[in-house]
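Trainee:
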Amino acid sequence: MLSYIAAAFRSPSPEEGVQQRPPRYTGEDTTPTSRREILGWYSYGIAAEVFAVCGVGSFLPLTLEQLARERGTLQTSRLPCLGSSAGNSTHDAENGQCVVPVFGLEINTASFAMYTFSLAVLIQALTLISFSALADYENNRKTLLMVFGFAGSLASMLFVFIAPPIFILGSILVVVGVTCLGSSFVVLNSYLPVLVANDPSLQNGNGAEMSSFDRDGGNSEWNAWGNDDADDDSLDGLQPSEQPQSTLEGGMGSNAPPSSSPELQLSTKISSRGIGLGYCAAVFVQIISIIMLITLSKTSLAKASPSLPMRFVLLLVGIWWGAFTLVTRNLLKTRPGPRLDSVSTKSARKFRAWLRLMGFAWKSLWKTVKVAIKLREVVIFLVAWFLLSDAIATVSGTAILFARTELKLSTPLVGLLSITATVSGMTGAFLWPHVSRYFGLQPNQTIILCIAMFELIPLYGLLAYIPFIKNWGVFGLQQPWEIFPLAIVHGVVSGGLASYCRSFFGLLIPPGNEAAFYALYAATDKGSSFIGPAIVGVLVDATGQVRSGFFFIAVLILLPIPLVWMVNADKGRREGLAMGETLGKSHGGPAEYAQEAEGLLARE
């Protein structure tokens, strides 16, 4: 493992004595990509992935719920939730649910966390679509990356000041942090094609040397990690060069012809190493966080406010995010894009140009939707992915709150649970290509197998509703230790689902329209992930138990299976090829979109 980390910090290729390629627009920086710049790109993954795993995946839901609990009362007796017989549970059989007033409504404390994350994901989806096009112009790429990075890290650090009386401000910080996290990764993605295009190995015509990294057909550990984005889909962005389709297709035993593009191989190499380093950093900080929580729990701080140790962890996570964002700021070049407005640089005109470009982003997405609905296999798969991505997000959030409130796991143990899921996710992305190839599974069959295994998680939790099993006091997630094997299942399955669904979708895309269709894929992912947590929140409000959400999750996971089975990859590929030719003849494909954007911006 250490050798992989060391290799990640070696420059992909030397840049000395390389002739710059011709610029594609006025002001383009075509200087060769350097070791320093690659390190800057890696640094942001190391920065933000820690917040994705340690913050969003672990301590943010717990902190929100705990802050609300410290302010909450039992619904029947009106006694404070803290110090009652309910403990960490959201429900007391004698005194009712632990509820907190929010805008005149009484909401279960666990539901409060679920509703907050639903709102955060919804706003994140709207922001991703609106700002994705802006990153390609002027100095916006680096400016937006820094703004999102520092704003997100500040939101995490400010949690240390969120006391129970102002717990509602914590939900605002979550929305800001989650939105900045997803948006910054999209901007980071926009750097990757630029770094690859200016890489010295490609300018020297030596790009073939990069194939040694992927010579095993996509079975290296780093390659597998590069296709796993279950926690926050951090590289599920809008750039076609980031989609290692040939690598995955080879691993899945399909008949798709492998791509030998040196640009694709180099992009996959840099991308996969970045994700691998991000996961390693997240596990490292998670271990530090557990040590910090154990230490602080023995002090008077934890007695004064049980949420304070977790808020100190979020302070650490925010400092880490901000510090490595600062490293990125110093190492990563600006790499400016075309000018937003060639007529004037007045702020009012530039603001109108920004608004036009945001409108263009939505218009481009709508154009892609109109093309996609003509492709039956694409439509079916996107509906399946809409349901499946929602299920993945819902299981993750529900599991953390269930472990805390129903199983009464201590905060350090919840952190250990997160580490278990993260490491299992990396293992799953590495393992599934071997499983698929060994059993000769088609891509959609592998996805269905993953979904079937995923279904075991809610079904196991529902076993506790069977009277004789409930009387045993074990099985059906009645004991804390039972959730750790399920965390392994969750990690292994979600790692496989993230990589296989993305690559399977790549088979159906009309050639030359990859960026637009992956934008639609990302919008479908984020656009659905707010529904499940909100519904689970309603169920928890109605029953007072997080376990009741397993009924909805069990149904939600099953819904995509018949849809995935219906998708015919061969037919979808033929339809995609035909549509690609039609689009190319009718309006010149993506080039027309770029020209239209430039026309909108210059119209003053």
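In terms of full-length UniProt numbering, the numbers along the sequence shown are unbroken and rise by one, the last being 604.
Cβ atoms here follow ideal geometry from the backbone N, Cα and C, with glycine treated the same way.
Being a predicted model, the structure only gives us computed values, none of them experimental.
#1: Under three-state DSSP, which class holds Glu106?
#2: Can you say whether Tyr191 is buried or exposed, counting buried as having 16 or more other CB atoms within 10 angstroms of its CB?
#3: Using the beta-carbon count (16 or more within 10 Å), is Trp321 buried or exposed?
#4: Rounded to the nearest angstrom, what separates Ala492 and Thr427 at their Cα positions?
#5: Quick one: what does DSSP say Leu74 is sitting in, helix, strand or coil?
#6: Could I get the ranges of all uninterrupted alpha helix (DSSP H) runs contained in the segment 285-357, with 4 residues as the minimum, in chain order?
#7: Near Pro164, what residues of its chain come up, given a Cβ to Cβ distance below 6 Å and the 5 sequence neighbours on each side ignored?
#8: Output needed for Gly170: all residues of its chain with C-beta closer than 6 Å, excluding positions within five of it in sequence on either side, in chain order.
#9: Could you have a look at Pro511 and say whether DSSP puts it in helix, strand or coil?
#10: Assign Ala281 to buried or exposed, taking buried as 16 or more other Cβ atoms, counted over all protein chains shown, within 10 Å of its Cβ.
#11: So what's Val100 in DSSP terms, helix, strand or just coil?
#12: Can you tell which of Ile107, Arg35, Gly532 and Phe150 has its C-alpha closest to the C-alpha of Ala399?
#13: Considering Tyr460, what are the terminal residues of the alpha helix (DSSP H) in which it resides?
#14: Taking the straight line between their C-alpha atoms, what separation do you get for Cys501 and Arg339?
#15: I need the DSSP call for Pro61, collapsed to helix, strand or coil.
#16: Might you give, ordered along the chain, the residues of its own chain that have their beta carbon closer than 6 Å to the beta carbon of Glu221, omitting 5 neighbours on each side?
#17: Looking at Pro433 and Phe504, is the spacing between their C-beta atoms short of 7 Å?
#18: Between the beta-carbon of Val567 and the beta-carbon of Ile380, is there less than 7 Å?
#19: Just how far apart, CA to CA, sit Ile38 and Leu459?
#20: I'd like the span of the alpha helix (DSSP H) that includes Asn471, first residue to last.
#21: Enumerate, from N- to C-terminal direction, the unbroken beta strand (DSSP E) stretches of 3 or more residues contained entirely within the segment 541-586.
#22: For Thr116 and Arg547, I'd like the C-alpha separation in whole angstroms.
#23: Using the C-alpha atoms, what's the distance from Leu60 back to residue 629?
#24: Could you tell me the boundaries of the alpha helix (DSSP H) in which Tyr137 lies?
#25: Considering only DSSP beta bridges, list what Pro80 is partnered with.
#26: Does the beta-carbon distance from Pro510 to Gly576 come in below 7 Å?
#27: In three-state DSSP terms, what is Gly440?
#28: Taking 7 Å as the cut-off, decide whether the C-beta atoms of Leu462 and Phe550 are in contact.
#29: Gly251 to Ile290, Cα distance in whole Å?
#30: Output the boundary residues of the alpha helix (DSSP H) element that contains Ala399.
#31: Assuming contact is defined by CB atoms lying nearer than 7 Å, are Val421 and Ala487 in contact in what I supplied?
#32: So, at 7 Å on beta carbons, what are the nonlocal neighbours of residue 611 in its own chain, with the 5 sequence-adjacent residues on each side left out?
#33: Which same chain residues, not among the five before or five after Val176, have their C-beta less than 6 Å away from its C-beta?
#34: Please identify the residue among Leu145, Ile447, Trp366 and Ala393 whose C-alpha is closest to the C-alpha of Arg329.
#35: Rounding to the nearest angstrom, what Cα-Cα distance links Gly397 and Ile129 in this structure?
#36: Going along the chain, which residues of its own chain have a beta-carbon closer than 8 Å to the beta-carbon of Ala534, five neighbours each way excluded?
Mentor: So, to answer that:
#1: strand
#2: buried
#3: buried
#4: For the record, residue 492 in the displayed sequence is Val; it is not Ala. The alpha-carbon atoms of Val492 and Thr427 are separated by roughly 6 Å.
#5: strand
#6: 300-304 and 308-331
#7: Leu67, Glu70 and Arg71
#8: Leu64, Leu67 and Ile162
#9: coil
#10: buried
#11: strand
#12: Gly532
#13: Pro443 to Leu462
#14: 36 Å
#15: helix
#16: With a pLDDT of 30 at Glu221, under the threshold of 50, the modelled position of this residue cannot be trusted, and the question is left open.
#17: no
#18: yes
#19: 45 Å
#20: Pro467 to Trp472
#21: none
#22: 19 Å
#23: The chain is shown only over 1 to 604; residue 629 falls outside these bounds and no answer can be derived.
#24: Premise fails: Tyr137 is in no alpha helix (DSSP H) and is neither H nor E.
#25: Thr73
#26: yes
#27: coil
#28: yes
#29: Note on Gly251: pLDDT 32, under 50, position unreliable in the model; no value is reported.
#30: Arg376 to Thr405
#31: According to the sequence displayed, residue 421 carries Ala and not Val. Against a cut-off of 7 Å, the Cβ pair of Ala487 and Ala421 comes out as a contact.
#32: Residue 611 falls outside the range modelled here, since the chain spans only 1 to 604, and no answer is possible.
#33: Ala155
#34: Leu145
#35: 24 Å
#36: Met114, Tyr115 and Ser118
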